[in-house]
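*Asks:* So that we are looking at the same thing, I have put the structure below in structure tokens.
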Amino acid sequence: MSTTPEARATGPGTAAEEPVDPDYPVTPVPLHARKSFLSLAVVLLGFTVFTPTMLAGAALGPAFTFGDLLLVILGGSLILGAYVALMGYVGARTGLTTVVMARYTFGHGGSKLASILLGGTQIGWYGVVVGTIGDLTARAAGWESYGAKASIMVLTSVLMCATACYGYRGMYWVSLVSTPLILVLAFWVVLRSLEEVDGLSGLFAVEPTATMAIPVAITTVVGTFVSAGTQAPNWTRFARTGRQAVWACLIGFLIGNGLMILFGAIGAITFGEGDFVLVLYNLGLVGWGVFLLFGNLWKSNADTAYAFGVAGAELFERPRKTPFVVGGSIIGTALALTGVQNHLVDYLGLLGTFIPPLGGVIIADFFLRWRRGIATGQRTVPLDLRNVAAYALGSLAAWGSKEAEIGIPPLIGIVVAVLAAVLLNRSRADRAGMEASSATR
């Protein structure tokens with residue numbers, strides 16, 4: 002029997018049979034627990050208003066005229082926004098996290114690969130962010146001892162971990178308070194930046210001082226959040242309709258992420274520094290710099306902890322995310338204390354090549370087989386070799402594109418994965434049709 006979100010609300014996980022974890026990490030989110038569009042948009046915008054994204058913009062800014070830069074950012078943001086919006090739609094329609102959806106796409110065993118990839122990547126990013134906070138806060142305060150940096154890392158990690166354990170509601174309230182203040186501060190720094198080049202006309206008149214191929218630049222824009230965007234269903238599963246999920250994803254990943262890249266590019270063009278935290282330090286506004294750093298990364302890293310929490314719940318098949326949020330936070334903090342923020346970024350960028358095809362296969366499989374709903378009590382196969390093969394082909398194409406510096410690797414990986422999934426599953430449908438026809442003779 003096929004189910005819609007409304008019908009699923011009467012199944013397991015309703016008010017009559019409440020799960021252990023109120024965030025439903027391994028079961029569909031029932032209708033009574035769905036959130037408003039405003040709530041969802043606030044959470045996703047808070048996720049993508051992420052100051053390290055400015056560093057990607059800083060790499061782009063000096064390589065293009067401002068007019069060309071705007072086109073590059075728009076093109077990359079449209080690709081990223083469209084991909085994440087589709088992932089978000091699937092999350093809203095199924096009510097499931099990305100890693101639980103992977104059970105239906107790759108089989109029960111195949112989904113473990115998704116949990117390891119997505120959860121492991123997020124633990125790494127958690128460590129990078131915690132380490133960055135410790136380094137920059139100590140720098141602002143003039144503390145040079147390792148003990149001071151380590152204390153900051155541990156304290157901030159505890160706060161982020163607690164927010165993630167509190168779940169969707171905790172992340173919503175942190176986003177609601179911090180994101181508007183951070184955006185106001187960022188726009189103010191942009192205005193100060195424009196003063197450095199005599200206004201907007203001066204910005205358009207600045208000549209490039211570096212070179213970068215347009216495909217590489219677009220890849221940089223897409224790559225900023227394509228890995229995290231693959232996990233958008235972790236939050237859009239709380240949407241009341243698929244349309245709400247699509248619009249919330251576009252606000253967060255097209256507008257929010259695009260603005261952060263643009264801000265970083267403007268900072269690099271005018272001040273020679275893409276990170277607004279350091280721009281504020283250079284302007285003598287150390288207190289505001291620390292506020293921007295802490296307020297922004299607190300929310301984003303709480304989202305990261307939430308993501309590896311639900312991945313752990315799926316991987317070990319447990320109904321609660323909290324033990325895995327705590328465990329992953331401890332691992333991430335330990336990585337930060339060893340200085341992982343200075344070494345892991347390239348590695349995580351490589352994983353970003355292999356994660357988008359995962360989302361491509363999930364999207365294709367949903368529209369091919371599950372768009373009318375997942376049957377109540379639907380059993381999953383141990384391993385779906387067709388979809389695993391489609392993922393492998395998409396990853397190989399993305400890796401080859403990256404190595405050959407041809408095209409946009411994340412986009413190529415997604416497109417090849419989708420096409421492979423369609424073709425391989427069409428052969429399954431054709432064979433099923435032939436068997437049904439033979440049975441009626």
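In this text, residue positions in the sequence shown follow our numbering: the first is 2, and each later residue adds one. Every residue gets a Cβ at the ideal spot worked out from N, C-alpha and C, and that includes glycine.
1. Just verifying my parser: in three-state terms, what is the DSSP assignment at A240?
2. Could you give the distance in angstroms between the alpha-carbon of F325 and the alpha-carbon of G111?
3. What do you get for G143, buried or exposed, if any count of 16 or more other CB atoms within 10 angstroms of its CB means buried?
4. Taking the straight line between their C-alpha atoms, what separation do you get for L177 and A42?
5. By Cβ distance, which residues of its chain are closer than 7 Å to S78, with the 5 residues on each side in sequence left out?
6. In chain order, what residues of the same chain have a beta carbon less than 6 Å from the beta carbon of L245, not counting five sequence neighbours either side?
7. Alpha carbons only, please: which of T28, V27, R94 is nearest the one belonging to I364?
8. Using a Cβ-Cβ cutoff of less than 7 Å, which residues in the same chain neighbour A433 once the five nearest sequence positions on both sides are dropped?
9. Report the three-state DSSP secondary structure of A10 (helix, strand or coil).
10. So, for T271: in the same chain, excluding its five sequence neighbours on each side, which residues have a beta-carbon less than 7 Å away from its beta-carbon?
11. Can you check whether the CB of G328 is closer than 8 Å to the CB of A418?
12. Could you check if F317 is buried or exposed, using at least 16 other CB atoms within 10 Å of its CB as the buried criterion?
13. I need the boundaries of the alpha helix (DSSP H) containing Q123, first residue and last residue.
14. With 16 as the cutoff for other CB atoms within 10 Å, does P320 come out buried or exposed?
15. Please report the residue range of the alpha helix (DSSP H) in which V43 lies.
16. Roughly how far, in whole angstroms, is the beta-carbon of L294 from the beta-carbon of V278, given that I think they are within contact range, below 8 Å?
17. First and last residue of the alpha helix (DSSP H) that includes Y392?
18. Look at the alpha carbon of L298 and the alpha carbon of F48, and state the distance between them as a whole number of angstroms.
19. Taking only runs that begin and end inside the segment 156 to 229, name each unbroken alpha helix (DSSP H) of 4 or more residues, in chain order.
20. Please tell me whether A218 and V73 are closer than 8 Å, where the distance is taken between their beta carbons.
21. Just to confirm my understanding: we take G108, look at its own chain, exclude 5 residues before and 5 after, and list those with CB closer than 7 Å. What are they?
22. If you draw a straight line from the C-alpha of T133 to the C-alpha of G125, how long is it?
23. Compute the beta-carbon to beta-carbon distance between Q123 and F309, rounded to the nearest angstrom, for a pair I have assumed lies under 8 Å.
24. Note down the Cα distance separating M231 from G288, rounded to an integer number of angstroms.
25. Measuring only the C-alpha atoms, how far is E19 from K36?
26. Can N235 and Y127 be called in contact, C-beta distance under 8 Å?
27. What is the DSSP secondary structure of K150, reduced to helix, strand or coil?
28. Just to confirm my understanding: we take G1, look at its own chain, exclude 5 residues before and 5 after, and list those with CB closer than 6 Å. What are they?
29. Residues in the same chain with beta-carbon distance under 8 Å from V175, minus the five sequence neighbours each way, listed in chain order, please.
30. Which same chain residues end up closer than 7 Å to G243 when comparing Cβ atoms and leaving out the 5 residues on each side of it in sequence?
*Replies:* Result, derived from the coordinates:
1. As a position in the sequence shown, residue 240 is number 239, starting the count at 1. Three-state DSSP puts A240 in a strand.
2. Locating residue 325 in the sequence shown gives position 324, counting from the first residue. Locating residue 111 in the sequence shown gives position 110, counting from the first residue. Between F325 and G111, the alpha-carbon positions lie close to 20 Å from each other.
3. Within the sequence shown, the letter at position 142 stands for residue 143. Counting the other Cβ atoms within 10 Å of the Cβ of G143 gives fewer than 16, which makes it exposed.
4. Within the sequence shown, the letter at position 176 stands for residue 177. Within the sequence shown, the letter at position 41 stands for residue 42. Cα to Cα, L177 sits roughly 10 Å from A42.
5. Taking the sequence shown and counting its residues from 1, the one referred to as residue 78 is at position 77. If we look at S78 and ignore the five residues flanking it on each side, its Cβ neighbours are V222, L255, N258, G259.
6. Numbered from its first residue, the sequence shown carries residue 245 at position 244. The question names Leu, but residue 245 is Gln in the sequence shown. Once the five neighbours on either side are set aside, the close Cβ partners of Q245 are F38.
7. For the purposes of this step, residue 364 is taken as residue 363 along the sequence shown, with counting starting at 1. Minimum Cα distance to I364 is reached at R94.
8. Working through the sequence shown from its first residue, we reach residue 433 at position 432. Low per-residue confidence applies at A433: pLDDT is 48, beneath 50, and the placement is therefore not dependable, though the value from the model is reported in the following sentence. Excluding five sequence positions before and after A433, none of the CB atoms of its chain fall closer than 7 Å to its own CB.
9. For the purposes of this step, residue 10 is taken as the residue at position 9 of the sequence shown. Low confidence applies to A10: its pLDDT is 37, below 50, so where it sits in the model is not reliable enough to give any reading.
10. Looking up residue 271 in the sequence shown gives position 270. Within the same chain, T271 has close Cβ partners S194, E197, V198.
11. The residue given as residue 418 occupies position 417 in the sequence shown. The residue given as residue 328 occupies position 327 in the sequence shown. In this structure, A418 sits away from G328, with a CB-CB distance that is not shorter than 8 Å.
12. In the sequence shown, residue 317 corresponds to position 316, counting from 1. Looking at its Cβ environment, which holds fewer than 16 other Cβ atoms inside 10 Å, F317 is exposed.
13. Your numbering for residue 123 matches position 122 in the sequence shown. Unbroken alpha helix (DSSP H) run through Q123: 99 to 142.
14. Indexing the sequence shown from 1 puts residue 320 at position 319. Classification of P320: exposed, given that the 10 Å Cβ count is below 16.
15. Along the sequence shown, one-based indexing puts residue 43 at 42. For V43, the uninterrupted alpha helix (DSSP H) run begins and ends at 38 to 49, by DSSP.
16. Indexing the sequence shown from 1 puts residue 294 at position 293. Indexing the sequence shown from 1 puts residue 278 at position 277. Contact holds; Cβ gap of about 5 Å.
17. Counting from one through the sequence shown, the residue named residue 392 turns up at place 391. In the DSSP annotation of this structure, the continuous segment of the alpha helix (DSSP H) that includes Y392 starts and ends at 386 to 405.
18. Taking the sequence shown and counting its residues from 1, the one referred to as residue 298 is at position 297. Taking the sequence shown and counting its residues from 1, the one referred to as residue 48 is at position 47. Straight-line Cα distance between these residues: approximately 9 Å.
19. Taking only runs of at least 4 residues, the alpha helix (DSSP H) segments lying wholly in the segment 156 to 229 are 169 to 197, 200 to 206, 215 to 224.
20. On the sequence shown, residue 218 is found 217 positions in, with the first residue counted as 1. On the sequence shown, residue 73 is found 72 positions in, with the first residue counted as 1. Yes. Within cutoff.
21. Counting from one through the sequence shown, the residue named residue 108 turns up at place 107. Excluding the 5 residues flanking it on each side, G108 has same chain C-beta neighbours closer than 7 Å at T381, V382, P383, L384, D385, in chain order.
22. Counting from 1 along the sequence shown, the entry for residue 133 is found at position 132. Counting from 1 along the sequence shown, the entry for residue 125 is found at position 124. The straight-line gap from Cα to Cα measures roughly 12 Å.
23. The residue you call residue 123 lines up with position 122 of the sequence shown. The residue you call residue 309 lines up with position 308 of the sequence shown. That pair is a contact at about 4 Å.
24. Position 230 of the sequence shown, counted from the start, is the residue given in the question as residue 231. Position 287 of the sequence shown, counted from the start, is the residue given in the question as residue 288. The displayed chain sequence assigns Thr, not Met, to residue 231. Taking the straight line joining both Cα atoms gives about 34 Å.
25. Within the sequence shown, residue 19 is the residue found at index 18, counting from 1. Within the sequence shown, residue 36 is the residue found at index 35, counting from 1. Low confidence applies here, because E19 scores a pLDDT of 46, under 50, leaving its location unreliable; read the following figure in that light. If you take the alpha carbons of E19 and K36, they lie about 17 Å apart.
26. Walking along the sequence shown from the start, residue 235 turns up at place 234. Walking along the sequence shown from the start, residue 127 turns up at place 126. Y127 sits away from N235, with the two beta carbons spaced by 8 Å or more.
27. Taking the sequence shown and counting its residues from 1, one reaches residue 150 at position 149. Helix, per DSSP.
28. A question about residue 1 goes unanswered here, because the residues of the chain that appear run from 2 up to 442.
29. The residue you call residue 175 lines up with position 174 of the sequence shown. Counting only residues of its own chain and dropping the five nearest sequence neighbours on each side, V175 has a CB closer than 8 Å to the CB of G47, T164, W299, K300, A303.
30. For the purposes of this step, residue 243 is taken as residue 242 along the sequence shown, with counting starting at 1. Excluding its 5 nearest sequence neighbours in each direction, G243 has C-beta neighbours in its own chain below 7 Å: Y90, A93, R94, listed in chain order.
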